[in-house]
Amino acid sequence: TWPCTLIKSGRAMCNLVVHNVGGLRLGPDALSATLVLERRFPIAQLPEFVSSEAASVLYFEPETPEDRPGYDALIDYLLSRERVGLGVEGEHRIMFIPPCNFTRERLSYGGSALIGVAQRAG
Numbered sequence: 001t002w003p004c005t006l007i008k009s010g011r012a013m014c015n016l017v018v019h020n021v022g023g024l025r026l027g028p029d030a031l032s033a034t035l036v037l038e039r040r041f042p043i044a045q046l047p048e049f050v051s052s053e054a055a056s057v058l059y060f061e062p063e064t065p066e067d068r069p070g071y072d073a074l075i076d077y078l079l080s081r082e083r084v085g086l087g088v089e090g091e092h093r094i095m096f097i098p099p100c101n102f103t104r105e106r107l108s109y110g111g112s113a114l115i116g117v118a119q120r121a122g
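The sequence shown begins at 1 in my numbering and counts up by one.
Encoded structure:
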């Protein structure tokens with residue numbers, strides 16, 4: 001578990017607490033304290049990008065109540081466009097996934113939080 005700041009379009013969206021809840025365990029220095037959402041791609045393409053065997057599953061939550069509006073706005077933005085956020089952090093690419101069929105069916109998560117998948121880039 002570690003804190004981070006999520007950046008989108010050059011501005012801080014919110015502060016998050018990140019939990020490694022499944023898959024491969026990330027080391028304490030695998031991700032920095034600032035994660036940048038750089039691109040977006042269609043939710044429908046997730047199965048092409050996610051390798052469940054070589055991935056870490058992350059659970060993101062707002063760090064404080066003041067971070068909730070930015071967190072919710074990001075989820076709403078991704079859902080309204082049926083998109084997944086994508087960032088590259090060191091050797092990892094991180095997919096920021098809003099609640100969807102993929103999280104329910106492939107990750108067995110039925111909640112309303114932002115879920116992440118981190119796997120080695122390349």
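Here a beta-carbon is modelled for each residue, glycine too, at the ideal position from N, C-alpha and C.
Does the beta-carbon of residue i, which I'm using as the reference point, lie nearer than 7 Å to any heavy atom of the ligand GDP?
i     : result
Glu38 : Of the ligands one can find in the structure shown there are none, so the ligand GDP has no counterpart to examine.
What does a CB cutoff of less than 6 Å around residue i pick up in its chain, not counting 5 residues either side in sequence?
i     : result
Leu79 : Pro98
Leu6  : Met13, Cys14, Leu16, Leu35
With the cut-off set at 8 Å, would you say residue i and residue j are in Cβ contact?
i      : j     : result
Phe102 : Leu31 : no
Ile75  : Leu35 : no
Val21  : Val57 : yes
Under the three-state reduction of DSSP, which class applies to residue i: helix, strand or coil?
i     : result
Glu61 : strand
Ala73 : helix
Thr5  : strand
Arg25 : coil
Ala47 : A small correction: the amino acid at residue 47 is Pro; Ala does not occupy that position in the sequence shown. Residue state, collapsed to three classes: helix.
In the DSSP output, which residue or residues are listed as bridge partners for residue i?
i      : result
Gly110 : In the DSSP output, where bridge partners are listed per residue, Gly110 has none listed.
Ala55  : Gln119
Pro42  : Arg83
Apart from the five residues just before and just after residue i, which ones in its own chain have a Cβ nearer than 7 Å to its Cβ?
i      : result
Tyr109 : Thr103, Ile115
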